[in-house]
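In the order they appear, the protein sequences are chains A and B. Using our numbering, you'd call the opening residue of the first sequence number 23 and step up by one each time. Using our numbering, you'd call the opening residue of the second sequence number 42 and step up by one each time.
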Amino acid sequence: MPAKAGWRINEGDALRTGFNARAFIVTAQGSLLVAEGNAHLALEDDGPKKLLAYLLFGAASLDSRGGAGRTAALRTPVATLRPRSERAELSVRVAGGGKTLVDVKSGLVGAEDNRGASALLRPGERLEADMRGLTQTQSTPTPAKARKSDFAALMRRELGFDLARDEALERAAAETRRSEHELGRLLSDADGNRVRVEEYVTRPAADSFKLVVLNSRPGRLDAFAWTGRFDAALPVNLEPVIADLAGRYDSAAALTLLEFDALFTNGPDRLVEHADGGHQVDLNNNADPLDDVGGALGRPFFATLFDREGLYVSGTLKRGWTGTAIQQQSDAVASTTNDPFSGAALAQPLPAVAANTTSPDAGRALRRRLESYGDGTELRRDDRALDAQGGTARAPGSYEDHEAQLSIGAAEWGGRTVELIASPRILILTRQLP
Amino acid sequence: MKRLALPLLLLGAPAFAVEWTPLYGVDALAGQHSFRGQPGSFSGLVDAVLAPAARVDESWAVLPSVRAAYEGVRSLDDALGSATVAQERMTLRLAGRAVWQRPGSRWRLKPSAAVKTEWLKETRDESWGKGLFDRRQLTLGGEVEYLLVEPASLRFALDRFETQYPNYRSLESQAAASFAGDRLTRELAGDRVLDRRGWQALAAGTAPLGPRATLDLSLGSVVSDFPHQRVVLESGLLSGDSRRDWLTTFSATVRMPHEYNLDLKATGSLELTLANQRSNQNGYDASRGHFIAQHYDFTEWGLRPSARLLAGPARRPLTLTAGLGWKRRAYPHRPAQDASGAWTGGALTQTTWSLDGSASYPVAPRFSLLFTLSRVSASSNTRFERYFRYSYEALNLLAGFRWEY
Numbered sequence: 023m024p025a026k027a028g029w030r031i032n033e034g035d036a037l038r039t040g041f042n043a044r045a046f047i048v049t050a051q052g053s054l055l056v057a058e059g060n061a062h063l064a065l066e067d068d069g070p071k072k073l074l075a076y077l078l079f080g081a082a083s084l085d086s087r088g089g090a091g092r093t094a095a096l097r098t099p100v101a102t103l104r105p106r107s108e109r110a111e112l113s114v115r116v117a118g119g120g121k122t123l124v125d126v127k128s129g130l131v132g133a134e135d136n137r138g139a140s141a142l143l144r145p146g147e148r149l150e151a152d153m154r155g156l157t158q159t160q161s162t163p164t165p166a167k168a169r170k171s172d173f174a175a176l177m178r179r180e181l182g183f184d185l186a187r188d189e190a191l192e193r194a195a196a197e198t199r200r201s202e203h204e205l206g207r208l209l210s211d212a213d214g215n216r217v218r219v220e221e222y223v224t225r226p227a228a229d230s231f232k233l234v235v236l237n238s239r240p241g242r243l244d245a246f247a248w249t250g251r252f253d254a255a256l257p258v259n260l261e262p263v264i265a266d267l268a269g270r271y272d273s274a275a276a277l278t279l280l281e282f283d284a285l286f287t288n289g290p291d292r293l294v295e296h297a298d299g300g301h302q303v304d305l306n307n308n309a310d311p312l313d314d315v316g317g318a319l320g321r322p323f324f325a326t327l328f329d330r331e332g333l334y335v336s337g338t339l340k341r342g343w344t345g346t347a348i349q350q351q352s353d354a355v356a357s358t359t360n361d362p363f364s365g366a367a368l369a370q371p372l373p374a375v376a377a378n379t380t381s382p383d384a385g386r387a388l389r390r391r392l393e394s395y396g397d398g399t400e401l402r403r404d405d406r407a408l409d410a411q412g413g414t415a416r417a418p419g420s421y422e423d424h425e426a427q428l429s430i431g432a433a434e435w436g437g438r439t440v441e442l443i444a445s446p447r448i449l450i451l452t453r454q455l456p
Numbered sequence: 042m043k044r045l046a047l048p049l050l051l052l053g054a055p056a057f058a059v060e061w062t063p064l065y066g067v068d069a070l071a072g073q074h075s076f077r078g079q080p081g082s083f084s085g086l087v088d089a090v091l092a093p094a095a096r097v098d099e100s101w102a103v104l105p106s107v108r109a110a111y112e113g114v115r116s117l118d119d120a121l122g123s124a125t126v127a128q129e130r131m132t133l134r135l136a137g138r139a140v141w142q143r144p145g146s147r148w149r150l151k152p153s154a155a156v157k158t159e160w161l162k163e164t165r166d167e168s169w170g171k172g173l174f175d176r177r178q179l180t181l182g183g184e185v186e187y188l189l190v191e192p193a194s195l196r197f198a199l200d201r202f203e204t205q206y207p208n209y210r211s212l213e214s215q216a217a218a219s220f221a222g223d224r225l226t227r228e229l230a231g232d233r234v235l236d237r238r239g240w241q242a243l244a245a246g247t248a249p250l251g252p253r254a255t256l257d258l259s260l261g262s263v264v265s266d267f268p269h270q271r272v273v274l275e276s277g278l279l280s281g282d283s284r285r286d287w288l289t290t291f292s293a294t295v296r297m298p299h300e301y302n303l304d305l306k307a308t309g310s311l312e313l314t315l316a317n318q319r320s321n322q323n324g325y326d327a328s329r330g331h332f333i334a335q336h337y338d339f340t341e342w343g344l345r346p347s348a349r350l351l352a353g354p355a356r357r358p359l360t361l362t363a364g365l366g367w368k369r370r371a372y373p374h375r376p377a378q379d380a381s382g383a384w385t386g387g388a389l390t391q392t393t394w395s396l397d398g399s400a401s402y403p404v405a406p407r408f409s410l411l412f413t414l415s416r417v418s419a420s421s422n423t424r425f426e427r428y429f430r431y432s433y434e435a436l437n438l439l440a441g442f443r444w445e446y
């Protein structure tokens with residue numbers, strides 16, 4: 023029940039003081055017990071000859087009036103404090119685990135721990151006791167020192183809180199970085215340098231979509247874009263459409279790819295492949311046994327063949343072919359004097375081309391293709407499979423299982439190249455990687 | 042003479058009753074990081090804090106602080122795991138916090154502000170100041186603390202923050218200018234897509250748990266808006282909505298101190314953690330046209346028993362710590378992938394076990410030698426590790442010193 027001024031505290035009663043409160047108890051001996059704010063103090067014995075109080079937690083002080091056979095004691099969970107002089111003043115603070123701090127202001131005070139060890143404290147001396155027992159006595163810090171020490175402890179605590187406040191934001195930032203890595207936007211090229219990669223689709227028209235791969239290295243931006251136009255409007259979900267680019271068994275795809283453009287560019291330089299006249303052909307049941315796709319013998323496999331194709335280096339046609347509803351690639355006729363799409367006569371006949379593919383490093387998944395043209399120009403291309411740990415993957419290895427790095431150079435580009443890292447699946451589906 | 046009058050007057054004036062208490066500390070460690078059994082180069086880390094605390098009067102105190110850190114050894118306990126083997130990080134944080142408490146009051150009010158800059162080199166070709174994930178962060182807010190039985194208290198904090206990545210611009214936004222004639226970008230594609238701003242809130246408290254233990258509870262939430270990052274639609278295009286993430290964290294720690302004798306004390310702890318992220322952003326795998334709704338959502342549970350042993354004199358004990366950690370992260374909407382990257386049916390999960398230990402040996406007042414050992418083993422049900430390593434083992438072995446006041 024709430025205490026009131028002037029109340030009589032009986033033996034066995036306990037006082038619990040609130041914050042910012044203080045209780046003064048005048049004992050039967052005439053001693054003064056003061057319980058500071060937020061303390062628990064019990065009066066166990068309060069006779070004229072004997073005073074015994076128990077401080078469970080919090081702070082209290084005792085101004086003891088002894089002598090003439092009178093004894094007084096103030097107990098804590100780990101120590102008992104007994105004034106040894108006729109008058110003694112002491113203050114006690116009990117913290118977590120019963121840890122006790124005693125300061126003697128005047129008189130002599132005996133201290134005993136629960137194991138029987140004892141010490142005699144003089145004015146100005148301080149003693150700590152805990153579950154281990156009594157510690158060595160020290161001089162009581164001056165009020166200024168104690169104030170400074172308390173302030174340092176408070177500020178150290180605040181500093182800990184302040185530094186910890188960043189933890190959640192640090193975590194959010196780390197998650198952002200993690201996501202960028204998981205999405206494959208941060209890769210290392212064969213030389214160990216960072217390459218940023220973004221891959222996404224756009225939809226330039228209802229019947230078209232564009233696969234875009236962007237790469238960034240310091241000071242340069244490279245791109246690959248493949249645009250496909252189909253014979254009908256595309257669904258919202260492109261997954262089956264993209265899957266069918268590789269061809270499909272048993273039946274033709276629901277949508278036919280009519281034409282495509284594949285662009286490699288570093289900004290000033292461009293390599294463009296354009297094809298149209300797309301139609302689906304059962305490769306496993308046409309006249310060319312060399313284009314068959316694995317599986318059961320004769321099982322239909324439909325893929326798209328194109329009637330016209332042209333390869334342009336910075337706007338100049340390098341090679342192409344034409345045909346009419348071709349059923350195998352060998353039906354196509356190489357263009358020589360006419361543009362494969364318009365049929366218009368070219369200013370100069372297309373030069374003859376010789377292609378050569380080599381593996382310059384037998385231990386690594388690196389493929390080099392060189393197209394040499396009769397006019398002295400050439401088109402070079404290195405295809406690498408990148409190892410996830412860095413560098414070029416070991417050979418033999420499937421290019422499909424590694425990120426692909428392409429390096430394309432043309433005589434017309436004056437030593438510049440298009441450098442591209444992309445998902446191999448994109449390059450394989452768009453027929454840019456064999 | 043007149044020119045000197047003002048300075049002399051100021052010097053002669055009674056000093057304002059400000060009491061200064063400097064707090065400082067330095068940790069310096071060097072050692073080696075190894076990943077999947079491959080030892081990395083010898084490197085180190087330094088973390089220094091200086092905080093000249095000032096008591097202005099009986100109610101007010103201010104705590105300005107500077108923290109500078111260099112980290113040349115990959116940390117094993119961040120969310121990134123060991124995705125990048127090489128990493129160097131420098132951090133500079135300037136902060137100010139005021140503490141107001143009326144004498145005798147249970148309430149403490151603490152307005153605060155902090156500016157933090159982080160420079161990060163994730164690859165060897167990145168130079169300081171040019172790192173892709175260099176970050177600037179401004180935080181402004183405050184905390185309210187309600188004191189229970191000391192040292193127990195309840196704390197509530199709210200901060201407004203803004204985070205910028207000055208070197209990160211989306212490639213798509215750059216392509217709009219570089220390849221203008223080819224129309225390679227989507228409508229609404231943003232520029233600084235990682236920049237974000239938002240609020241973070243925290244509720245935390247410490248309370249005794251029976252006569253021999255204490256319980257620490259903490260619940261925090263970070264709401265991040267990405268004003269330049271648009272939400273991806275099932276079509277692969279971008280919507281008009283911007284991305285918003287909610288990251289909620291919870292931790293509960295029980296600590297049990299125990300004293301064996303005068304020179305031997307120990308504390309056992311058990312920590313339970315939960316992190317949950319919800320995002321309106323989706324994922325899109327362009328190579329497959331595969332759309333993943335709520336791609337970034339995850340839940341991560343963690344459990345960590347640990348022990349701390351103090352041996353020797355109370356003022357300068359030898360301190361040994363050991364801990365065993367377990368974490369399991371699950372992405373409820375993101376399927377695992379096979380080795381080729383094809384999406385499989387089950388949700389992506391990652392389990393991480395960690396074992397760490399440290400020893401601190403005092404050799405002089407406020408100066409200790411430090412030794413730390415950390416080992417992490419992560420496994421996952423996804424086999425696609427072309428971009429990010431979900432399964433790995435990594436080890437850090439470091440030695441150095443701590444100097445603190």
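Virtual Cβ for every residue (Gly too), placed ideally from N, Cα, C. Fair warning: this is a prediction, and the values are worked out from it, not measured in the lab.
With 16 or more neighbouring CB atoms inside 10 Å of its own CB, F328/A falls in the buried class. Contact annotation, M297/B with T308/B: C-beta distance approximately 7 Å; criterion of less than 8 Å satisfied. According to the DSSP assignment, K167/A belongs to the alpha helix (DSSP H) that extends over P165 to A186. In this structure S262/B is in contact with A242/B, their Cβ atoms being roughly 5 Å apart against a cut-off of 8 Å. Put simply, of W148/B, R77/B and A89/B the residue whose alpha carbon is nearest the alpha carbon of E445/B is A89/B. In this structure, L305/A sits away from F202/B, with a CB-CB distance that is not shorter than 8 Å.
Between the region 92 to 109 of chain A and the region 136 to 154 of chain A there are three or more C-beta pairs closer than 8 Å, enough to call the two in contact.
Chain order gives the chain A residues near K157/B as D188, where near means a beta carbon separation below 8 Å. At a C-beta separation below 9 Å, V223/A has these neighbours in chain B: R227, S276, G277, L278, Y325, A327 and G330. The region 217 to 233 of chain B makes contact with the region 242 to 253 of chain A: 3 or more CB pairs, one atom from each, lie closer than 8 Å.
Measuring C-alpha to C-alpha distances from A383/B to each of E422/A, N60/A, G385/A and G132/A identifies E422/A as the nearest. In this structure, L389/B sits near A377/B, with a CB-CB distance shorter than 8 Å.
Within the same chain, and ignoring the five residues on either side of A255/A in sequence, the residues whose Cβ sits closer than 6 Å to its Cβ are A228 and D229. Rounded to the nearest angstrom, the gap between the Cα atoms of N308/A and A426/A is 32 Å.
The beta carbon of T413/B sits closer than 6 Å to the beta carbons of S399 and L439 from its chain, once the five residues preceding and following it are set aside; these are given in chain order.
Cβ atoms of L333/A and L451/A stay farther apart than 8 Å, at about 19 Å.
Against L205/A, the close residues of chain B are G324 and Y428, in the order they occur along the chain (beta-carbon pairs closer than 8 Å). For V375/A, the CB contacts under 6 Å within the same chain, skipping 5 residues up- and downstream, are R341, E393 and Y395 in chain order. Straight across, the Cα-Cα distance linking R402/A with E441/A is about 12 Å. Around Q178/B, the beta-carbon contacts reaching into chain A at under 7 Å are L191. With a cutoff of 8 Å on beta-carbon distance, L54/A and A75/A are scored as not near each other. Under the 8 Å criterion on CB atoms, Q215/B is classed as interfacial with respect to chain A.
Non-local C-beta neighbours of V116/A in its own chain, meaning closer than 6 Å and more than five positions away in sequence, comprise L77, F79, T98 and T122, ordered along the chain. In the structure shown, I443/A falls within a strand segment according to DSSP collapsed to helix, strand and coil. Classified as buried, V273/B has 16 or more neighbouring CB atoms from the shown chains inside 10 Å of its CB.
If the five residues before and after D135/A are omitted, its C-beta is found closer than 7 Å to the C-beta atoms of V100, A101, A151, G155 and L156, all from its own chain and listed in chain order. Around the beta-carbon of Q51/A, 16 or more other beta-carbon atoms lie within 10 Å, marking it buried. Using a CB distance cut-off of 8 Å, T164/B counts as an interface residue toward chain A.
With the criterion set as a beta carbon lying under 8 Å from some beta carbon of chain B, the members of the region 238 to 259 of chain A are S238, P240, L243, A245, A247, V258 and N259, in sequence order. Leaving aside the five residues that flank R357/B on each side, the residues in its chain whose CB is nearer than 6 Å to its CB run, in chain order, P403. By the neighbour-count criterion, in which a residue is buried when 16 or more other Cβ atoms sit within 10 angstroms of its Cβ, V59/B is exposed.
At a cut-off of 8 Å between C-beta atoms, Q318/B counts as an interface residue with respect to chain A. S82/B is outside the set of residues whose beta carbon lies under 8 Å from a beta carbon in chain A. Residue range R109 to V116 is occupied by the beta strand (DSSP E) that includes E111/A. Partner residues in the beta bridge of R104/A, as assigned by DSSP, are G132/A. When Cβ-Cβ separations below 8 Å define contact, G366/B makes no contact with chain A.
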